[in-house]
Amino acid sequence: DIQIPPTIVSIGEGAFIGCTCIKAVDCGDSLTSVGISAFYNCTGLESVNLGKSVSFIGGSAFNGCTALKDISLGDKVTFIGSTAFKNTAYLDDASNAKSKADLARHESENLRKENETLRTQNIKMKAELDALRKPRKLEK
């Protein structure tokens with residue numbers, strides 16, 4: 010079992026990838042973010058308490074945690090990345106319908122925001138490219 014100390018506010022990208030011996034994680038109330046693929050493929054992980062302060066859960070953070078059936082989320086979560094809880098026992102359990110709907114809503118909203126950001130960036134890049142293609146007057 011892992012108890013995240015109160016001095017830790019973020020779990021980095023890939024921090025515990027493939028650690029099959031972890032059975033439970035208690036993040037306490039000071040943690041604010043769980044990085045991309047932080048617990049990816051931790052197949053022995055059964056329960057996660059994300060505490061009250063986590064607002065960001067990166068994509069694939071718990072993907073492949075096939076034994077994960079107990080997830081406790083605080084009410085400050087504003088971002089859940091794509092496939093954050095894919096391939097978990099939690100999503101296979103029909104009794105978690107409301108929570109699954111909340112997870113899906115978060116993922117859908119975040120994908121919409123990411124698509125809008127990409128669309129805006131593409132428009133700016135096209136304008137910059139068009140400006141480079143225009144012939145310029147040569148000065149003598």
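The numbering of the sequence shown is this note's numbering, which starts it at 10 and goes up by one. For glycine and all other residues, C-beta sits at the position ideal for the given N, C-alpha and C.
On the premise that residue j lies in contact with residue i, defined as a C-beta separation below 8 angstroms, what is that separation, rounded to the nearest angstrom?
i: lysine 85; j: valine 63; result: 7 angstroms
i: alanine 24; j: alanine 47; result: 5 angstroms
Do the CB positions of residue i and residue j come within less than 9 angstroms of each other?
i: isoleucine 9; j: glycine 44; result: Given a span of 10 to 149 for the chain in the structure shown, any question on residue 9 remains unanswerable.
i: glycine 27; j: asparagine 50; result: yes
i: isoleucine 11; j: aspartate 35; result: yes
i: glycine 68; j: glycine 90; result: yes
i: lysine 122; j: alanine 98; result: no
Return the bridge partner residues of residue i from the DSSP annotation.
i: alanine 33; result: Ser56
i: glutamine 12; result: Asp35
i: isoleucine 20; result: Val43
i: isoleucine 66; result: Val43 and Ile89
i: isoleucine 6; result: Because the chain here runs from 10 to 149, residue 6 falls outside it and cannot be looked at.
i: aspartate 158; result: There is no way to answer for residue 158, as the model of the chain reaches only from 10 to 149.
Could you tell me whether the Cβ of residue i comes closer than 9 angstroms to any Cβ of chain B?
i: threonine 87; result: The displayed structure is made up of one protein chain only, and chain B is not part of it.
Count the other CB atoms, across all protein chains shown, that sit within 10 Å of the CB of residue i; report buried if there are 16 or more and exposed otherwise.
i: isoleucine 66; result: buried
i: leucine 141; result: exposed
i: asparagine 131; result: exposed
i: asparagine 124; result: exposed
i: phenylalanine 94; result: buried
i: alanine 81; result: Checking the sequence, you will find serine at residue 81 rather than alanine. Answer is exposed; the Cβ neighbour count stays below 16.
i: leucine 40; result: buried
i: alanine 70; result: buried
i: isoleucine 17; result: exposed
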